[in-house]
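*Asks:* Let me begin by handing over the structure; questions about it come next.
Number of protein chains: 2
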Amino acid sequence: MHVVTFQPEGKTVQVEAGELLSDAAVRAGVRLAMPCGNQGRCGRCLIRIETGEVRRRENAHLSPERVTQGWALACQTEVLGDVTVAIPPQRLRETLVASKTTRRAPLKAGPAAAVDPWVRKVCLELPPPSLEDNVSDWDRTKRGLEAADGTDGVEVDLPVLRTLAGQLRAADWKATATLGYRPHPRTPSPRAERGYGGEVLLRLEAGDTSRRLLGAAVDIGTTTVACGLVDLRTGELLETAAEYNDQISCGEDVISRIIYSRQGGGEGLHHLQRLAVETINRVLGEACQRRGVHPAEIADVVVAGNTTMTHLFLGLDPQHLRMEPYTPTASQYPLIRAEEVGLATHPQASVWAYPTVAAYVGGDITSGVISSGQFRADKLTLFMDVGTNGEIVLGNADWLATCACSAGPAFEGAGVRCGMRATTGAIEDVTISTRTLEPTIKVLGNARPAGVCGSGMIAALAEMFVTGIVDRQGRIDVPRVQARMATPQRLRQGEHGAEYVLAWASESETLEDIYLTEVDINNLIRTKGAIYAGITSLVNSVGLSLDDVEQVLIGGSFGQHIDVEEAIRIGLLPDLPWDRFKFLGNTSLLGAYQALVSRDVRSWAEEIARKMTYLELIADNRFMGEYTSAMFLPHTDLDAFPSVKRQLLELAGTTGS
Amino acid sequence: MHVVTFQPEGKTVQVEAGELLSDAAVRAGVRLAMPCGNQGRCGRCLIRIETGEVRRRENAHLSPERVTQGWALACQTEVLGDVTVAIPPQRLRETLVASKTTRRAPLKAGPAAAVDPWVRKVCLELPPPSLEDNVSDWDRTKRGLEAADGTDGVEVDLPVLRTLAGQLRAADWKATATLGYRPHPRTPSPRAERGYGGEVLLRLEAGDTSRRLLGAAVDIGTTTVACGLVDLRTGELLETAAEYNDQISCGEDVISRIIYSRQGGGEGLHHLQRLAVETINRVLGEACQRRGVHPAEIADVVVAGNTTMTHLFLGLDPQHLRMEPYTPTASQYPLIRAEEVGLATHPQASVWAYPTVAAYVGGDITSGVISSGQFRADKLTLFMDVGTNGEIVLGNADWLATCACSAGPAFEGAGVRCGMRATTGAIEDVTISTRTLEPTIKVLGNARPAGVCGSGMIAALAEMFVTGIVDRQGRIDVPRVQARMATPQRLRQGEHGAEYVLAWASESETLEDIYLTEVDINNLIRTKGAIYAGITSLVNSVGLSLDDVEQVLIGGSFGQHIDVEEAIRIGLLPDLPWDRFKFLGNTSLLGAYQALVSRDVRSWAEEIARKMTYLELIADNRFMGEYTSAMFLPHTDLDAFPSVKRQLLELAGTTGS
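Protein sequence lines, in the order shown, are assigned to chains A and B. Taking this note's numbering, I'd label the letters of the first sequence as residues 30 to 686. Taking this note's numbering, I'd label the letters of the second sequence as residues 30 to 686.
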């Protein structure tokens, strides 16, 4: 056995010879970012060996100098003796920080319909049994429910029935019942004229606890899990909390997670299921702690997530989502009990998952269509959620069509050399002087820059484009641009083509230059091109044109950071008047909240998901043409972007080029 | 560690010093009868120490001579060294033998309604997914169901959904779905005009398996568990099998079991629950083996049992059944899945338990009211199930009233010195010569007598009464009777009053005399008196008299062995014309079978159990009076038994007394 010490935290762990440093880190409780799922692909688990003997399996992502300096990938390095390892700060898995998100679009927690939750409480005062009246405890309970407010036909499941006799007596026959609805096969369970119908007893508590009835709305994002704690009596959103999804250690994007899920004959799926639930439990625990309540008080849960996240949360095998023809196991999910998946709420809490539309149009999108109001809009509306994938919904109260473009995770920091997520240290905005071609950067969280996040990339690319550093094909003519620069060394040839330095090593948290390469730019153009081509294909598929779109509603975590002007400049968003764009923040969480406080919303969501027309872009002939046309800045057809064309002409006049 | 060897089977087991022989027997797989639940009360676990050292905790039930001979109670004897133990054959827990039961009343497996089971199979041939048609696997399955026969609104639970994707692909999209109904809160789930409603997918199999659909009907008796294996397509009863309930090792009657269930803070309940299920699994396994099918093929189960058995099977705490005011946890039970209780059928098989009426009027009675046809009889009908308890139902198609008399287990062999259950070696019939007062006995299973079973006790008592050995108070005037006897030593004074020997030690399997004592007779009179008083109290409670009863239907295991004439002679059954009595055999199992093959029967049963009027005898003033009057042979009021009166007068003439 050897000892591995992780600095700067000083955590230690005993390991067998030959064990991987990444495994040691997990056991030591060191939260190292391992987005590619320990496959040595992403290079994010970079650490430095301070002392001790190791064996490197491979050194991809590492120059010979860096190897000499002791750098290694934790997931490719075996321990051969006592080892001390240093982890650079930005390699630790980030915790969420206040960002543009909370400033720009706080969760506006308005219910979409009258507050009418899926669960309710009924207070009971039962006459104790006697020889003259010795009906069963359950019959007595049902009689009490009927006496209280006419509720009849209530059912009970075995786990609750098993505790009933003891609980009623411990409560001295004064108790509060929590009732939840049964799922409804076809039509929503209607409240009968007299009382309710189709309910089940979820929980019995001693005394009158009818003033406490809590629910949880959960957005299971690939990157971030966000929860809202809700008072179901009033519909009030009490708390919100968020954390990174623990599944990130098994892969950064959904494809890596699906691949990981196949490990060990189902063991991978089981592990991912548990990680999702553990993350939710942690986030719920945090929200509950702030309110001084216990998660076991939560009697109802709504989750919204993309199709892969929903599958993983429920323990459904996601592998067919990844392979043509991309089929989910289900699009409407059974109403389950919390204990079936391991949530730390009340074990009998009812858990409803937002229905999904297709493999890459998930419950987060259905939720967004609800919470954005698109489903009852008069105006022709384009709803977008741009994250790792780009999902687009077109329509209004009368019809809805949707598609998904595999945009790739460039905007979330992957596939971009100095990319990172929008957390402390991320360059979130860039302006470049047309005169000196010198950048001015804005960093998240009052810190030294550590990388560039999606909004920073868009801003940088837009600025590099309008200032002429990058041409319409995304190429950089280094000598020609250097000639215009105040600091020519800011532009240089590197391994991945030309590099434009946004921040020097001396200013940065990582002590390395932060820059964009031509390869990065090419990735960004492919990403924005896929999204734009998705939009145009979808709009054209229904015989409309972009000009017909009356409003563009943008949801999702990344969407919140986009600057419309910059996004139009690079051709990510269509060139429409700016006042048609609205940024809505976490529409998935908001929709989960709305479904939590209203049974009607759930029925609407099920209907919307069922009726939405899904356009499979891969099977759509238009798409490849649109995509090819969109592989320019902003587009092959500059006339499709009149505002950009005008700006370019103006700038050409200014710089005289 | 010591070694214990059990003879004659030769089974051995290693034990710690101080371990009880009864525990050693369980671990050795020796099926020793331990009715009192190892409390040293019943004396049934009698064994003989052949060699080796033991310590006896107590010697109740053993004379000093027997102790000298090496006899000991397994549950009161600790092992101190290597020990060889001999078990007398009749002490091994009996396996069921053919008896009067099968001769007199085989299970007449006629359905009570049209065959229309709770589960059904639908064969699916699904078009494989393609890019043009990539709906979810579950949507595809539902589409297939709708295409097959218009079935819509089918639901699925998470465990089945988790295997769906893999199963459909392994089956190459040709599969057979097993569908079961959801429970219906108030009204039976009607088959909608178009297809069915409220169904759930229980199972998916590759290929076309629609020709195989099995169900199991289970009667969970306190003593015996009987099962029927049923072809649900045709309603045919394929096999029946029965075994003693493994719970007998924890107590012979329901009260002992309820006490046992409190052991170890719920551990006892858990143990009893498991024993019930293990017994059912064994019996089902036997029935399935005979047909060459696997129990996992069974998709639907109906159980009928008394209220305690139903509670124990479901894992519901039975303790309040034993204490005033005798309340069950429930009288209608949730529809569960087999895996919730551990049945070896298909884990998703639906399990429905017959509803109970009160703590001592259980699902076996509701089942009997169905299968006896009482619930739709025109005639005023008395239905009786006499076992450990006596349950009585009075009524017809228009109304039903019921009560339970705690008859005690005398007829099942407990509380009677030489009592035993109706298995091999039991004296099942006795005639006594009026001239010599010598008995002629009939033994079950072509064996030497080992004890007396219930029907033998009734016959012996009736004969002893009409021949004048026993007077109307149940007393024996020894000198006076001996004077009339050919073998006066057959009547003697013993520890428990006078003893009448039915079989001598030299003729018996146990090498002991088999006899009835005055104490035994007193127990029998109290038992029959309780039942008769129950009948009269119930009849009177609705303002009727016994003469109004147009038919008496007798169900249950003990009921099958009763001889009407003898039962009337001792005043167990009312003195009605013999043609009004019908013996129906295992009405509980038959009702379970009928509910298995017909959904209507389940609805009827739920309605019957709900509407049946329950008379609580303990709270009924009439009952004590009736009981006191019934504490004679046949009754205080001899005019209530005209046929017995006539017979006594005739015999008085014959014997000249």
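Just so it is clear, CB atoms sit at the ideal spot from N, CA and C, and this is done for glycine as well.
Let me see if you follow: with CB-CB separation under 9 Å, is G377(A) close to chain B or not?
*Replies:* In the first sequence, the residue the question calls residue 377(A) occupies position 348. The sequence given here places Gln at residue 377(A); Gly does not occur at that position. No, because no Cβ of chain B sits closer than 9 Å to the Cβ of Q377(A).
*Asks:* What does a CB cutoff of less than 6 Å around S570(B) pick up in its chain, not counting 5 residues either side in sequence?
*Replies:* Indexing the second sequence from 1 puts residue 570(B) at position 541. The residues are L644.
*Asks:* Drop a sphere of 10 angstroms on the beta-carbon of N274(A), count the other beta-carbons inside from all chains shown, and report buried for 16 or more, exposed for fewer.
*Replies:* Counted from its first residue, the first sequence places residue 274(A) at position 245. The residue is buried, with at least 16 neighbouring Cβ atoms inside 10 Å.
*Asks:* In angstroms with no decimal places, state the Cα-to-Cα distance between R262(B) and T469(B).
*Replies:* As a working mapping, residue 262(B) is identified with position 233 in the second sequence. As a working mapping, residue 469(B) is identified with position 440 in the second sequence. Cα-Cα distance, rounded: 50 Å.
*Asks:* So W381(B) contacts chain A; which residues on that side make the cut at Cβ distance below 8 Å?
*Replies:* On the second sequence, residue 381(B) is found 352 positions in, with the first residue counted as 1. Chain A residues near W381(B): none, gap ~13 Å exceeds 8 Å.
*Asks:* Just to check my reading of the structure: V83(A) and V42(A) have Cβ atoms closer than 8 Å, yes? What is that Cβ distance to the nearest angstrom?
*Replies:* Here the question's residue 83(A) lines up with position 54 in the first sequence. Here the question's residue 42(A) lines up with position 13 in the first sequence. Actually they are not in contact, since the Cβ atoms of V83(A) and V42(A) sit about 15 Å apart, beyond 8 Å.
*Asks:* P376(B): which of D329(B), S401(B) and F342(B) sits nearest, CA to CA?
*Replies:* Start at 1 with the first residue of the second sequence, and residue 376(B) comes out as number 347. When only C-alpha atoms are compared, the closest one is D329(B).
*Asks:* For N163(A), go through chain B and note every residue whose CB falls closer than 8 Å to its CB, in chain order.
*Replies:* To locate residue 163(A), count along the first sequence from 1; it is residue 134. Neighbours of N163(A) on chain B, chain order: P354, Y355, T356, A387, A388 and E645.
*Asks:* Using a Cβ cut-off of 7 Å, pull out every chain B residue sitting near E369(A), in sequence order please.
*Replies:* If you number the first sequence from 1, residue 369(A) lands on position 340. Per Cβ cutoff of 7 Å: L187.
*Asks:* Assign V459(A) to one of three DSSP states: helix, strand, or coil.
*Replies:* For the purposes of this step, residue 459(A) is identified with residue 430 of the first sequence, where counting begins at 1. Strand at V459(A).
*Asks:* Could you check where the beta strand (DSSP E) with Y656(B) kicks off and where it finishes?
*Replies:* Position 627 of the second sequence, counted from the start, is the residue given in the question as residue 656(B). Careful: Y656(B) lies outside any beta strand (DSSP E), inside the alpha helix (DSSP H) at N650 to S658.
*Asks:* Is the beta carbon of V578(A) sitting closer than 9 Å to the one on L613(A)?
*Replies:* Counting from one through the first sequence, the residue named residue 578(A) turns up at place 549. Counting from one through the first sequence, the residue named residue 613(A) turns up at place 584. Against a cut-off of 9 Å, the Cβ pair of L613(A) and V578(A) comes out as no contact.
*Asks:* Using the three-state DSSP reduction, which class does D500(A) fall into: helix, strand or coil?
*Replies:* The count along the first sequence starts at 1 and reaches residue 500(A) at position 471. DSSP places D500(A) outside both helix and strand once states are collapsed to three, so it counts as coil.
*Asks:* Taking beta-carbon pairs under 7 Å, can you tell me which members of the stretch 191–209 of chain A lie near chain B?
*Replies:* R191, L193, A194 and G195
*Asks:* Quick one: list the residues of chain A neighbouring S159(B), beta-carbon separation under 8 Å, in chain order.
*Replies:* Taking the second sequence and counting its residues from 1, one reaches residue 159(B) at position 130. Within chain A, the residues P354 have their CB atoms less than 8 Å from the CB of S159(B), given in chain order.
*Asks:* So, is the C-beta of A359(B) closer than 9 Å to a C-beta in chain A?
*Replies:* The residue given as residue 359(B) occupies position 330 in the second sequence. It does: the Cβ of A359(B) has a partner Cβ on chain A nearer than 9 Å.
*Asks:* Spell out the partners DSSP gives Q522(B) in its beta bridges.
*Replies:* Residue mapping note: residue 522(B) aligns to position 493 of the second sequence, counting from 1. According to DSSP, Q522(B) bridges with A527(B).
*Asks:* Based on Cα-Cα distance, which residue from V189(B), L187(B) and R172(B) lies nearest to D181(B)?
*Replies:* To locate residue 181(B), count along the second sequence from 1; it is residue 152. D181(B) has its Cα closest to that of R172(B), out of V189(B), L187(B) and R172(B).
*Asks:* So is E222(A) buried or exposed if we call it buried at 16+ other beta carbons inside 10 Å?
*Replies:* Taking the first sequence and counting its residues from 1, one reaches residue 222(A) at position 193. For E222(A), the predicted model reports a pLDDT of 31, less than 50, meaning its position is unreliable and no value from the coordinates is stated.
*Asks:* Please classify Y362(A): does DSSP put it in a helix, a strand, or coil?
*Replies:* Numbered from its first residue, the first sequence carries residue 362(A) at position 333. The answer is coil: DSSP assigns Y362(A) none of H, G, I, E or B.
*Asks:* Would you tell me roughly how many angstroms separate the C-alpha atoms of E38(A) and A316(A), rounded to the nearest one?
*Replies:* Translated into the one-based positions of the first sequence, residue 38(A) becomes position 9. Translated into the one-based positions of the first sequence, residue 316(A) becomes position 287. Each residue's alpha carbon lies about 27 Å from the other.
*Asks:* Can you name, in chain order, every residue of its own chain whose Cβ lies under 8 Å from the Cβ of G58(A), other than the five neighbours on each side?
*Replies:* Start at 1 with the first residue of the first sequence, and residue 58(A) comes out as number 29. Only K40 meet the Cβ criterion.
*Asks:* Which residue's Cα is closest to the Cα of W533(B): S566(B), G483(B) and P478(B)?
*Replies:* For the purposes of this step, residue 533(B) is identified with residue 504 of the second sequence, where counting begins at 1. Of the listed residues, the one whose Cα sits closest to W533(B) is P478(B).
*Asks:* With DSSP as the reference, identify every bridge partner of P468(B), one or two as the case may be.
*Replies:* To locate residue 468(B), count along the second sequence from 1; it is residue 439. Partner(s): I461(B).
*Asks:* Pair every Cβ in the stretch 624–640 of chain A with every Cβ in the stretch 648–661 of chain A, then say whether three or more of these pairs are closer than 8 Å.
*Replies:* no
*Asks:* Can you grab the Cα-Cα spacing for the pair D282(B) / V183(A), in whole Å?
*Replies:* As a first step, residue 282(B) must be located in the second sequence, where it is residue number 253. As a first step, residue 183(A) must be located in the first sequence, where it is residue number 154. One C-alpha to the other measures close to 34 Å.
*Asks:* So, is the C-beta of P214(A) closer than 9 Å to a C-beta in chain B?
*Replies:* Start at 1 with the first residue of the first sequence, and residue 214(A) comes out as number 185. Bear in mind that a pLDDT of 46 at P214(A), under 50, signals an unreliable position, so the number given afterwards is only what the model happens to contain. Chain B, which has a Cβ nearer than 9 Å to the Cβ of P214(A), makes this yes.
*Asks:* Where does G419(A) sit, in a helix, a strand or coil, going by DSSP?
*Replies:* Counted from its first residue, the first sequence places residue 419(A) at position 390. If DSSP states are grouped into helix, strand and coil, G419(A) belongs with the strands.
*Asks:* Taking only three categories from DSSP, how would you classify E45(A)?
*Replies:* For the purposes of this step, residue 45(A) is taken as the residue at position 16 of the first sequence. Three-state DSSP puts E45(A) in coil, outside helix and strand.
*Asks:* Can you find a CB in chain B that lies within less than 9 Å of the CB of R122(A)?
*Replies:* As a first step, residue 122(A) must be located in the first sequence, where it is residue number 93. Per-residue confidence for R122(A) stands at a pLDDT of 41, beneath the threshold of 50, marking its modelled position as unreliable; the derived number appears in the next sentence. No, because no Cβ of chain B sits closer than 9 Å to the Cβ of R122(A).
*Asks:* Tell me which residues share the same chain as M486(A) and place their Cβ nearer than 8 Å to its Cβ, disregarding the 5 neighbours each side in the sequence.
*Replies:* The residue labelled residue 486(A) in the question sits at position 457 within the first sequence. Closer than 8 Å at Cβ, skipping near neighbours: A439, F440, V445, G448, L545, D549 and L553.
*Asks:* Taking Cβ positions only, does E636(B) come closer than 9 Å to chain A?
*Replies:* Position 607 of the second sequence, counting from 1, holds the residue named residue 636(B). Output row for E636(B): interface = no.
*Asks:* Let me confirm a value: A194(B) is counted as buried when at least 16 other C-beta atoms fall within 10 Å, else exposed. Which label applies?
*Replies:* Taking the first residue of the second sequence as 1, we reach residue 194(B) at position 165. The residue is buried, with at least 16 neighbouring Cβ atoms inside 10 Å.
*Asks:* Measuring only the C-alpha atoms, how far is I288(A) from G280(A)?
*Replies:* Your numbering for residue 288(A) matches position 259 in the first sequence. Your numbering for residue 280(A) matches position 251 in the first sequence. C-alpha separation (whole angstroms): 9 Å.
*Asks:* I need the straight-line Cα distance from L540(A) to D458(A), nearest angstrom please.
*Replies:* Within the first sequence, numbered from 1, the residue matching residue 540(A) stands at position 511. Within the first sequence, numbered from 1, the residue matching residue 458(A) stands at position 429. Cα to Cα, L540(A) sits roughly 20 Å from D458(A).
*Asks:* Rounding to the nearest angstrom, what Cα-Cα distance links M352(A) and P157(B) in this structure?
*Replies:* Here residue 352(A) refers to the residue found at position 323 when the first sequence is read from its first residue. Here residue 157(B) refers to the residue found at position 128 when the second sequence is read from its first residue. Their Cα atoms are separated by approximately 14 Å.
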